[in-house]
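Working notes, structure below.
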Amino acid sequence: MDRIMNSTAFAVAAAVLSFAAPAWSQGDTSLTIALPAEPADIDGCNTTVTGIGVIVKENIVETLTTLDPDDSTVQPRLATAWEDLGDGTWRVSLRENVTFHDGAPFNAEAVAFAIDRLTSDAIACRDRTKIANVELTTTVVDEHTIDIHAEPAQILMPTLLSFIGAVSPNTPADEISRAPVGTGPFRFESWDSEGIAVTRNADYWGEEPAATDALYVFRPESALRAAMVELGEADIAHDIAPQDATTEMDHAFLNGETTRLRMVMEPPLDDLRVRKAFNLAFDRNALIGSILSDRAELATQFILPKIDGHNPDLEPWPYDPEQAKALLEEARADGVPVDKELRLVGRIGFFPNQEEMLQVMQQMWSQVGLNVRLEMMESAEWLKLVNKPYPEDREAMLIQEQHDNNNGDASFTMRFRFHSDGRQSEFSIPEVDKLIEDAEAATGEERTRLFQEANRVISEEIVPSVYMYHMISYMRVSPEISYEPNSLSLIQLELADVTFD
Amino acid sequence: MTYYLTKRTLWSAVSLFGLVVFVFFMARLTGSPVDLYLPIDAPESLREDFERIHGFDLPLWQQFVDFLGGLLTFDFGQSLRQGVPALELVLRAMPTTLLLALYSIGLALIVAIVTGALAAWRPNSIFDRIATLLSLLGASLPNFWVAIVGVLIFAVTLRWVPTSGTGSVAQWILPVFVLAIRPAGLLVQVARSSMISALSSAYVKTAQAKGAAPARIIFIHALRNAMLPVITVAGDQAAGIINGAVIVETIFGFPGVGKLLIDSIMFRDFAVVQAGVMVTAVAIFILNFTIDIVYAVLDPRTRGH
Amino acid sequence: MNSAVLPGEAARRRPRPTKWAMLALLRRDKFALAAAVFLVVVVLAALVGPPLLGGIGIDMDLMARNAPPFEPDRGFWHILGSDALGRPILARIIIAARPTLLIAAAAVLLSMVVGVLLGLIAGYKGGIVGDVIMRLTDIVMSFPSLLLALVVLYIFGPAITNVIIVLAITRVPVYLRTTRAEVLEIRSRMFVVAAEVTGASVFRTVSRHILPMVVPTIATLMTIEFAFVMLAEASLSFLGLGVQAPDFTWGVMVAEGRSYLATAWWLSFWPGVFIALVTMSLNLLSNWLRIATDPVQRWRLEREVASDE
Amino acid sequence: MSETLLEVRDLSVEFRSSRGITRAVQNVSWSVAPGETLAILGESGSGKSVSANAVMGLIDSPPGHITSGTAMYGGRDLLQLSGAQRRGINGKSISMIFQDPLAHLNPVYPVGWQIEETLRIHGVSSGEARKRALELLEQVKLPNARQRLGDYPHQFSGGQRQRIMIAMAVALRPDLLIADEPTTALDVTVQARILDLLKELQRESGMGMVLITHDLGVVAQVADRVVVMKDGQVVEGGAVGDVFRRPAHPYTRKLLSAVPGQEPFRHVEQKPEVLVEAKGLVKEYLLASNPFKVGATPTTRALDDVSFKLHAGETLGIVGESGSGKTTLARTLLRLTQPTAGEIAYKGTNVFSLRGRALREFRRKLQVVFQDPTASLNPRMSIHEIVSEPWAIHAGVLPRAEWRAGVEDLLVQVGLKPEHADRYPHQFSGGQRQRIAIARALALQPEIILCDEAVSALDVSVQAQVIALLKELQKKHGLAYIFIAHDLPLVRDFADRVLVMCKGKLVEEGTTEEIFARPKDPYTVELINASPHPDPERLDRHEIA
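These protein sequences, in sequence, are chains S, E, R and L. Counted from 1, the first sequence has number 97 at position 97 by this note's numbering; the numbering is strictly sequential. In this note's numbering, each residue carries its 1-based index in the second sequence increased by 501. In this note's numbering, each residue carries its 1-based index in the third sequence increased by 806. In this note's numbering, each residue carries its 1-based index in the fourth sequence increased by 1115.
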């Protein structure tokens, strides 16, 4: 039967090929980008969400400022200058002669609208997360100047401006949009079963991009995305698995994500020796170049080196199973239940080969006598474990997490995870709380120093986690085009950076 | 006949109602969608706004009453993910799925009828044995495995068809074939055994006594009689595809109901789940109904019940 | 027309199949024999394999990551290649045999028992009870199995038993509908009426006269379902709703290997082959069994000899 | 007859299986001339159909093999033809009709289409074929032929279906028509009309006819010559009159003597005890209708005010053709269906009010033997299990330890062997199976056995044996029989009293002698006249009637 079907397939295929219209015939300056998942929406106020930003941010909807992918310094975009007026008010100068795709002028009114919409409780804009617990009020100074007041005052206001997407004032204020209108170099064209299409904005204020239009298609299989570029059906395959990255076309890049295992500090994990033993018995280097990319970096803290507050003096844990055993022996002698079976909870879909990695770790630990049971969870279930309020009878376990802080400052990571009132904090230590609070209030070198100290205390004295890696992603880029991924490419892929050879 | 139709439709309406009520409560047992939608570090105010906007702050009975009220006007509510009416989303995805089901089951039927008839003509012949083994194999292969291997062989290596997408006819070939393999495997076996029994029936003797040629006996006399069980199984398989060709739709980027439904389930997009279940159930009802009509066309004895 | 065999000749035959007679019948059907041998080997491997293997198949060796098959240098166990963590695939297939067969068999049995029972009631009793059963079946059939899996997972947590329950619930309608259809036909046969007229209780009529006639169909159905359940279990696992590490099944192996299909096909190929082989074997065996246990049909197997020799 | 149309000579056919070789026919020779009717007479298993099937090329090979012989037709040996040559003859020059027209007509095509098909296969244009199909249906006297061309086989009665088969067979004016038990499944009155039709067509076209039958009455009525077959061999042949008057072979004599309806009427003292009394039984069936339409629902009456009594130890015959309501009556007596009105009393108690113990007692005392012994024995149970099942149902009748002996005793009583207990139903012949069914019925020592067409499916000689057995058992156990049958001669030999049913009503009731010797109701008269009699001398009389 299969034989018959195959030969039929051949016949049908031969007959149909003549009128098949594959992507590569669209023209030299059209792009097709294969993404792993279709986004839920593409609203300009949800751009920090995975899968949305990569399409919308700076392509369709531009933000007031942007962050440099390499060192996270704040760069002007729609805002040309900003100045702290004190009292939490910042005066922002806006770019002139900019219009939205729908013809509306970009001005202070428009920015006020975008901020109102973003902070409105009529829609739940997810970019609000980045300005959590901050009240923003705007005052239009003139056509191209706006005062933005933050309560409490925000030292990082220029960074916050990079989360504020300028959507057209005609955007509905009470519902999430599936057809965003911004000022970017590309305008939204259509969203149908083929994918999401954008075309070049002829009236763009800045330099005209090389690509005339782009089609985003969604293919969950990494191998399929990679094959599409190989076959010329796509120009960029986003986020492919290491094992599929086998050609010259594949670019590796630090993707801004950091993984760790969070330890729930209940017995036996309430004992520092046991937590240390977990770190010592994990041979981090063994995974690099096999299951993980050889370019993955060992993490010593939960933020990347480029982030302000990263402590460069911290050393990765050595692989020392003997010492781990000794520590465990010691703890066991003190009555710590070190033999208790602990859950190792992974969340499906963080990155390729993740379950394999956890299995290897499980085996490494079992070699020093640690008893860990791996559980892979679907996200909703996993989420029940990670957020406060925690249940009364919480047990010790290890929870895999992945976190990206591409916002240039450690504060976006520290309070939430390590301060007593952080929603995902596992401990309450006054010294750490104070360091984080002081750091958040400080500026300049003092801020950096305080955050570095906080990270040192956490990593060396408290050991609340098994830090793992700063992660690598792969992107397959067609030889027909030229694009060099950067550390933001996973969440923000500027089509304007693509050039044709 | 009218009585039968009315009775059947009424019962189906009862089932459908039971189904959506069941889905409503079962879906809500799988937890709140809030955490899935908002970033992990979302502030409390955002969470509250989100719940209020989507009505999750209301007591469950209130949500249920509102849901029932909406049902009266075929309003399943807005999709949580996409902010458009849930029913609209489902109806937009339905044609793709229905076409996939139609093409692949159609293909499976053709393969099954030809192979089954030829195998039944000489049971236990070499052809029969090979066809049986291959059909068993077809029925035992994992779908996603076939899909990916199919892409690797036919799209990547041989470059006969594009890997994925829905735009052109060529892009339908691979998914349709992948979906057809399992049903074809099952149907070949059903077709074979019902053809064997049809070929041994008395009316075939009559046809031989009339001087009818073998092809006429197989394809005109026996085939139509042997079609009933084949149609039943084909209907079940088609229902299976309508109910969830998830893997194939996902891999090939086909925006069908299966993919929509599974995404909605994973993201706790209750409105879409409810609308999706309802619409697929209606589609399956119509399918079964169509099968009854096909039955009546094929076999006059089943008419007039 | 004339019956092909005269009564006198028929009478000479062995009256009742003994165990050995059944084996002799099995020997006659070469396909069924091969299937039976294969299944016995698999079951034996599942029973005695894991303790004999020790750590083989569980211990990882990143040096042997994705080692291709048929490289004798790596040793016997690596003959089918190694997985992404360098574990020999052959050994893993043996280890996975037990949970795979256990889950599939348990789910198939559970859904069969429930489905057949309800199908008997719906078919034999009919009326309102029958209608209600059939409508509930409609509901279960249209209910997305993934949602069901999530519900069960949320209420009971992840465990092999819950995987079995989910798989079983979703497959109940198949047996139910089949049984009901058969019962509707069989209950009007004369020998059933004869039993009823003699005063046989409902239980007796169903268990002695109707059920044995349904069994062959159900047995065939079960073998097809066995494969289906193995595959369904694999997709559940892939979505994180099925079997959890460190346990794994052939389905999980296929699912895990799918991300390596482009670079290391053997990861999901071999477990896939085993799923297909077990399914095919069960199918061949059930075809044989259906004939061998039917006193009217048994001679067909004997005829097979004549045509084979 | 000077000219020979078809001559079969020394034909041997065997069927090969693992259980050995069955020689279905051995060195069989017969011939038929144009305009002549040859009857091949034999009981089941005699091989009477095999030679005809060989002529038509309908023997499946394997397992069948023609090992010797010729079948000369028009200078060609039919047994040596290629498939294509064969198809040129089948349906055109030689055609065939079969016993069960419902099974032999394709259920999914309209009858008109099936008749046209015969014509089109042999080259008639479809327009012409359509016209001819209608003419043919009119020729075989199908009522409303024009309207019914598009109807399907299941929408016709048995007799009408056979007419359609005949129309199909004579469509191309064949030289020879082979009719394999064409009237066996039909009512006597219908049988008579079909046989008349065949004779009429034969007279018109001058075709030869080979009639395969087990019924001596049919042979006497329509055949010119007859060959008698037994165990695959021709034991006797010749002109019908000669063979019937002076049978040479003992088997032929045995057959002739086994024909029912030859014995004197029974005169049995009626016992006063009434076992069963039916009073005003009515059974209505709803006709399919629109439930939303107000008004009286149309119904059909399968039983219409039926009343009778059954006395202890007597044999009550109930005769009627299909549709007369006798099956409904049987089902009602067995409490398988509720009457719309009226009641059935068993020893004075209404059967339908029985519950629990009393119901079980009634079930024990009333046993049944159905028409089709193949269908009424569970194919997956051994004979031991089948016969002992009543004891399993009615605990306390016989201890389990004695079942084995009990079964063997019953088997001996019905003329089987004790060792048969370990076999399965399919290993027995039809007559043997019916004996098993009787053994099962006897297991509970009932007072009444309801025989629902219990011997209709059996060969004459077997029929006679089973009737003899029933009589013997009656004598031994004092049984009462309700003997439902469509075959009048059988009832005549066996029953003490007879009820005649027609369209749900009792049209006549009386002692067997009253009914057969002095029938009053015109329907009874028609029934009696229509049943064929194995006496060629009476042929003319019948044709006049």
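From the three backbone atoms N, C-alpha and C, an ideal C-beta is built for every residue, glycine too.
Following the continuous alpha helix (DSSP H) through residue i, name the residue where it begins and the one where it ends.
i: S:Leu160; result: Met157 to Leu160
i: E:Asp764; result: Val758 to Met767
i: L:His1662; result: Given a span of 1116 to 1660 for chain L in the structure shown, any question on residue 1662 of chain L remains unanswerable.
i: L:Val1334; result: Leu1331 to Val1337
i: S:Glu329; result: Pro321 to Ala333
i: E:Asn693; result: Asn is not the amino acid found at residue 693 of chain E; the sequence shown has Arg there. Residues Ala671 to Leu700.
i: R:Ala1000; result: Met996 to Thr1004
Can you give the beta carbon distance from residue i to residue j, rounded, assuming they're within the 8 Å contact cut?
i: S:Asn255; j: S:Ser487; result: 7 Å
i: L:Ser1127; j: L:Gly1184; result: 6 Å
i: R:Ala903; j: R:Ala974; result: With 8 Å as the limit, R:Ala903 and R:Ala974 do not qualify as a contact, their Cβ atoms being about 20 Å apart.
i: R:Arg893; j: R:Met1059; result: Not a contact, Cβ separation roughly 10 Å.
i: L:Asp1175; j: L:Ala1300; result: 23 Å between Cβ atoms; not a contact.
i: S:Trp90; j: S:Ile148; result: 5 Å
i: E:Ile794; j: E:Thr598; result: Wrong, their Cβ atoms sit about 21 Å apart, outside the cutoff.
i: S:Thr259; j: S:Glu151; result: Between S:Glu151 and S:Thr259 the Cβ distance is about 35 Å, and since that is not below 8 Å, they are no contact.
i: E:Gln672; j: E:Pro663; result: 5 Å
i: L:His1499; j: L:Val1522; result: 5 Å
How would you write the range of the beta strand (DSSP E) that residue i sits in, first residue to last?
i: E:Asp576; result: It is not in any beta strand (DSSP E) - E:Asp576 carries neither H nor E in the DSSP assignment.
i: L:Tyr1400; result: Val1389 to Leu1401
i: E:Leu585; result: Note that residue 585 of chain E corresponds to Val in the displayed sequence, not to Leu. Careful: E:Val585 lies outside any beta strand (DSSP E) and carries neither H nor E.
i: S:Met475; result: Ser465 to Val477
i: S:Asp404; result: Met397 to Asp404
i: L:Met1344; result: Arg1340 to Lys1345
i: S:Thr32; result: Ser30 to Leu35
Buried or exposed: where does residue i fall if 16 or more other Cβ atoms within 10 Å of its Cβ makes it buried?
i: E:Leu592; result: exposed
i: S:Glu426; result: buried
i: E:Tyr538; result: buried
i: R:Phe962; result: exposed
i: L:Gly1238; result: exposed
Using DSSP bridges, identify the partner residues of residue i.
i: S:Gly165; result: S:Thr63
i: L:Ser1127; result: L:Ser1183
i: S:Pro76; result: S:Thr65
i: S:Met376; result: S:Gly346
i: L:Met1324; result: L:Thr1152 and L:Leu1292
i: L:Gly1356; result: Partner(s): none; L:Gly1356 has no beta bridge.
Exercise for the section: Just list the alpha helix (DSSP H) runs in the region 1428 to 1471 of chain L, keeping only unbroken ones of 4 residues or longer that don't cross its boundaries, in chain order. Expected result: Counting only runs of 4 or more, we get 1441 to 1448.
Handout entry: Every unbroken beta strand (DSSP E) inside the region 1167 to 1232 of chain L [3 residues or more]
Key = 1179 to 1188 and 1209 to 1212
Practice task
Report the residue ranges of all alpha helix (DSSP H) runs contained in full by the region 1593 to 1642 of chain L; include only those spanning at least 4 residues, in chain order.
Solution key: 1603 to 1609 and 1627 to 1632, all fully within the region 1593 to 1642 of chain L.
Exercise for the section: Please list the segments of the beta strand (DSSP E) lying wholly inside the region 1552 to 1597 of chain L, counting only runs of 3 or more residues, in order along the chain. Expected result: 1563 to 1567
Handout entry: Runs of alpha helix (DSSP H) lying entirely within the region 197 to 275 of chain S, each at least 4 residues, in chain order
Key = 222 to 230
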